[in-house]
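Reading through the structure tokens given below for one structure.
Numbering (my numbering), first residue to last: 2 to 193.
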């Protein structure tokens with residue numbers, strides 16, 4: 002049987018925490034509890050902002066003849082931990098809201114909000130929205146937009162445009178005189 006000390010279990014638990022969370026998110030060793038069946042639970046303080054009272058919990062198993070192993074590591078609320086409030090269904094929150102509105106005499110209290118999700122509610126405006134400028138119920142006809150004939154430009158006008166573009170474009174680099182002389186020397190004479 003491999004005997005494991007409490008310090009070795011703590012070291013193993015800290016190694017497990019280092020694998021799942023940065024070192025600055027857990028702090029001092031709090032306690033160790035024997036759960037039975039060769040399982041121990043080790044608690045460490047949580048040092049993360051927003052988690053006051055929370056603790057990192059690491060469960061370590063020590064089976065006979067085996068090295069100790071980590072079963073799980075997780076962040077759990079401790080005594081006095083800051084917790085989110087219990088979830089309340091929307092329908093109950095709405096009833097509380099309505100009761101508060103009636104108690105204060107607000108005019109919105111009599112608004113029947115049950116019609117919002119009513120599938121039998123027929124929308125009779127046919128999608129008309131006075132703000133979008135579209136009236137689906139009017140008899141008006143939209144006039145077609147004038148189109149341009151892109152091929153109506155005459156050939157003379159096309160050549161003029163090309164010539165202007167050529168004149169305005171960059172000039173080719175000047176050929177040095179030395180290069181011109183080499184080209185003349187390489188050309189065969191007329192009689193050859």
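For each residue, glycine too, the CB sits at the ideal point set by N, CA and C.
In this text, all values refer to a predicted model and were calculated from it rather than measured experimentally.
C-beta atoms of residue i and residue j nearer than 9 Å
| i | j | result |
| --- | --- | --- |
| residue 78 | residue 102 | no |
| residue 73 | residue 59 | yes |
| residue 71 | residue 13 | yes |
| residue 106 | residue 83 | no |
| residue 67 | residue 21 | no |
| residue 75 | residue 69 | no |
| residue 87 | residue 54 | no |
Per DSSP, cross-strand counterpart(s) of residue i
| i | result |
| --- | --- |
| residue 58 | 44 and 75 |
| residue 34 | 42 |
| residue 70 | 62 |
| residue 27 | 47 |
Assigned secondary structure, residue i (DSSP; H/G/I helix, E/B strand, else coil)
| i | result |
| --- | --- |
| residue 95 | helix |
| residue 13 | helix |
| residue 83 | coil |
| residue 3 | coil |
| residue 20 | helix |
| residue 89 | coil |
| residue 101 | helix |
Beta-carbon separation (whole angstroms), residue i vs residue j, contact threshold 8 Å
| i | j | result |
| --- | --- | --- |
| residue 10 | residue 61 | 5 Å |
| residue 46 | residue 25 | Contact flag wrong, Cβ pair sits at about 12 Å. |
| residue 33 | residue 7 | 6 Å |
Chain B contact for residue i (CB, 9 Å cutoff)
| i | result |
| --- | --- |
| residue 22 | Note that chain B does not occur in the displayed structure, where there is just one protein chain. |
| Is the segment 29 to 44 touching the segment 91 to 105 in the sense that three or more CB pairs, one from each, lie closer than 8 Å? | no
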